[in-house]
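The structure appears right after this line, and notes come after that.
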Amino acid sequence: MPMFIETCTAPTNIAVIKYWGKDEARGLNTPINSSASVTLDQDDLCAMTSIAASSDFVADRLWLNGKEEDTAGNGTHAKRLRKCLAEMRGLARDRVDASGAVVCTATELASYKVHVVSRNTFPTAAGLASSAAGYACLVHTLAKLYNVEEAYEGQLSTIARQGSGSACRSLYGGFVKWVKGRKPDATDSMAVCVADQAHWPELRAVILVINAGKKETPSTEGMQTSVETSPLLAFRAESVVEPRLAAMEAAYRARDFEAFGKLTMQDSNQFHATCLDTYPPIFYLNDVSRQAIRLCHAFNEHKGRILAAYTFDAGPNAVIYCEAKDRDELLAFMLHFFPPPRSGVESYTNKPALLKAAAAMPLEPALLAKGNELRTPAAGDVKMIYCTAVGDGPRTLGADEALLDAATGFPLEQKLQKWQQTLGPAGGGGGCPVAPTVSTYAAVAVAAIGFLLVLKKSN
Ligand code: DP6
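In terms of UniProt numbering, the sequence shown has 387 at position 387, counting the first letter as 1, and numbering is strictly consecutive.
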C-alpha cells in the first residue's frame, strides 16, 4: 500500500493592525479591513503537523495532542478542516521521485484519506495565535503532500484564510499584510510579505501570559457581534485602517521603532475600544493587562521615547514589541513587577538564562519609582514570560521528525505520551522542537495543541 507522509512547522503571528470583522456579503472568511502582523520565531512558538495519505486509510482522521477529534461533524472547526482539505485536494499534482518519475498520480493522491497529527507549543485559545499557526501548518503540510504549486502568489494563503483568517499571515515570515481584496470570489483576499525577517532582525517580542485558559468570547463570535453592533468598528474599517496601514508599512520599512510602536499601541487600543463599543460589550483585557499597559507607558516616558509597544489580541495576554538593544532592560523592568513564582524562572519562561540575567540587572531608581506608583510587585498575575523575535515562514521537516508511524500511518504513541506528560497545569509550554535537526521531544514542555479545538480566537 502506498503511503506518503509530510511533516512541517509553522509560526504564529501577532497583528499590529488588527483584523476584526468578517465581510458577510462576500463570505469565504473575508475581512472588513486589511490587517498586518509580525511573524514570530517558530523556534519559540509553533504548530507542528504531520499528515499521511494512504489508499489503506478508511477516513480522514485528526489527532490533537494525542486525542482524536471529530472531523465529520458540524462543528465550526471540523467544517473548516474539511474546507481546507477539499481546496488542497483540488490543487493536487502528481507526486514524483528525485528523478522526476511519477510515484502517484494527482487523482490517486487526492482520493486517499489522510491522517493528521498536530500540536503546538504555546497556550491555546488564549490570544496567542494558535489557530493561525495551526491552519497555516495544515495548509503548508498539505501543499507538500499534494505537491501543490501556487497558480498565483498568495494562493495558499487564500486557503489558510478559510481555516482561520489570521492563519493566512502565518504563511510568510517577517512583516505580513493581509490585503482584504475586492473580487467577489475572494481570490485576492490574501497575505503578502511586505518585508521578510532579515529586514529587521533586531525586532523582539516579550509575551506576558496573563491567562493561558480559554477565552470568554471566541473571536469568530465576538467579531460577528461587533460587526452587527459597533458603529466604531464600521468607522475604523472605513476611515482608520487604510491610512494607518500605510503609515505602519512605511515605519516597518524604515525600521522606525517609534512610529511602529506608537501605531501598534494605538491600533491595539482601538481594537479593544471596538470590543467595548460592541453590544453587549466584550472585555478581553483585565486589570493585569491594564497594569502592563501602564508600565509600558511608564518605561517609554522615563526613556523619553517609545522603546516598548504592547498589543493585545482577543485575550488578556500582552505582546510587547521592542528592539534587541532595549529588550533586557524592558524584561528586567517587567520581571521586577511580575516576578516568577518561588520555584524560580525555569518553568516561568522559554528562556531561563535570559530571565536570570534580567533579574540580576539593576534598574534605574527613577524608572523603578515610576513603576512603583503603578503596581506592587507580586508573583502569580503573569503565568509565563515568553521571549521571542521576528521569524520566518513555515518549514518542511525531514522524515525522522514525523509524528506518524511510517509503517502504519498512525500517531507515534511514544511521542504522544510524551506530549501528554509534559502538559502543564497552566497550559504553559516551552521551546518548540522545530529546528529540523532536533528530534527530541523530552525536553519540550508542550502547552496544548492544534488547530481545531485550540483555536486562537475562535473557540
Ligand atoms: C484579534 O483569525 O482567530 O487576533 O477568522 O474567525 O478564525 P477567524 O478569526 P481569527 O481572529 C483574529 C483576531 C485578532 C486580530 C488579528 O490577528 O488580526
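No residue lacks a Cβ here, since even glycine has one placed at the ideal position from N, Cα and C.
| Check | Outcome |
| --- | --- |
| G27: CB within 8 Å of a non-hydrogen atom of the ligand DP6 | no |
| Any non-hydrogen atom of the ligand DP6 closer than 8 Å to I14 Cβ | yes |
| Where S347 sits in the DSSP three-state scheme | coil |
| Whole-angstrom C-beta distance between S54 and M3, which should lie under 8 Å | 4 Å |
| Cβ distance (whole Å) where K113 is taken to contact D60 below 8 Å | 5 Å |
| Assigned secondary structure, M248 (DSSP; H/G/I helix, E/B strand, else coil) | helix |
| Beta-carbon proximity of Y348 to L45, cut-off 9 Å | no |
| The ligand DP6 heavy atom lying under 8 Å from the CB of K18 | yes |
| Best match in T229, A359, K262, K325 for proximity to G21 [C-alpha to C-alpha] | T229 |
| Close Cβ partners of A273 (< 8 Å) along its chain, the five nearest in sequence each way excluded | L232 |
| For R61: DSSP bridge partner residues | H115 |
| Residue from N120, C168, W63, T121 whose Cα sits closest to the Cα of L28 | C168 |
| N13 - containing beta strand (DSSP E), residue span | 13-17 |
| DSSP bridge partner residues for I293 (one or two, in chain order) | The partner list for I293 (beta bridge, DSSP) is empty, contrary to what the question assumes. |
| Range of the contiguous alpha helix (DSSP H) that encloses M334 | 324-337 |
| Residue range of the beta strand (DSSP E) that includes H386 | Sequence inspection shows Tyr at residue 386; the His mentioned does not correspond to that position. First-last of the beta strand (DSSP E) with Y386: 384-389. |
| At least 3 beta-carbon pairs within less than 8 Å: the region 375-391 vs the region 157-164 | no |
| Cβ neighbours of A426 in the same chain (closer than 6 Å, five flanking residues each side left out) | Confidence at A426 is low in this model, with a pLDDT of 34, below 50, so the placement of that residue should be treated as unreliable; the coordinate-derived value is given next. Excluding sequence neighbours, A426 sits near A212, K383. |
| Closest by C-alpha distance to I159, when choosing among G90, L403, M48, F257 | G90 |
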